Amino acid sequence: IIVGIIGTLALPMLVKTMEKAKLGEAASNLNLIRTGEKIYFLEYGTFVMPHTELNIEDPNEQANRYFQYSVDPVTGEDFRANATRREGRYVGKAVHIDKSGAITADDGYFTP
């Protein structure tokens, strides 16, 4: 009985920790896209959409990924890359990065 109670109390913390680890993957890939965008901007004077035009490995081609990556339509000298959760409890929720490196998240979702 005691083990069951301890397990019940620990499970929510474990789930939250696992989700934060998955968000670490998203933050890493978003920073990769951001770096690619900055290099592209230095070379061509504009940001690019889609991110597949960048000279980086496409994170959407990774096996067993938890997120779908995209770049919002480019407006002038700014961009926003997105990592949208593909499955699980937070499906459809996203984290975002802009050219300054600021990472934000949709309401009800964690930030890495």
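When we follow our numbering, the leftmost residue of the sequence shown carries the number 22, and every step to the right adds one.
In this text, a Cβ means the ideal position worked out from N, Cα and C, and glycines have one as well.
Quantities reported herein were computed from a predicted structural model and do not represent experimental measurements.
Proximity to F88 [Cα-Cα], best of T105, T67, R101, T96: The residue given as residue 88 occupies position 67 in the sequence shown. Answer by Cα proximity: T105.
Counting Cβ pairs, one atom from each stretch, are 3 or more of them under 8 angstroms apart for the segment 42 to 61 and the segment 107 to 123? yes
Under a three-way DSSP split, which group does Y90 fall into? Walking along the sequence shown from the start, residue 90 turns up at place 69. Y90 falls in the strand class under three-state DSSP.
Nearest-angstrom beta carbon gap, H72 and V92 [assumed within contact, 8 angstroms]: For the purposes of this step, residue 92 is taken as residue 71 along the sequence shown, with counting starting at 1. For the purposes of this step, residue 72 is taken as residue 51 along the sequence shown, with counting starting at 1. That belief holds up - the Cβ atoms of V92 and H72 are roughly 5 angstroms apart, short of 8 angstroms.
Tell me where the beta strand (DSSP E) around A102 begins and ends. Indexing the sequence shown from 1 puts residue 102 at position 81. That run of the beta strand (DSSP E) goes 101 to 106.
For the beta strand (DSSP E) containing A42, name the first residue and the last one. Locating residue 42 in the sequence shown gives position 21, counting from the first residue. Taken as a continuous stretch (DSSP letters only), A42 belongs to no beta strand (DSSP E), being part of the alpha helix (DSSP H) at 23 to 65.
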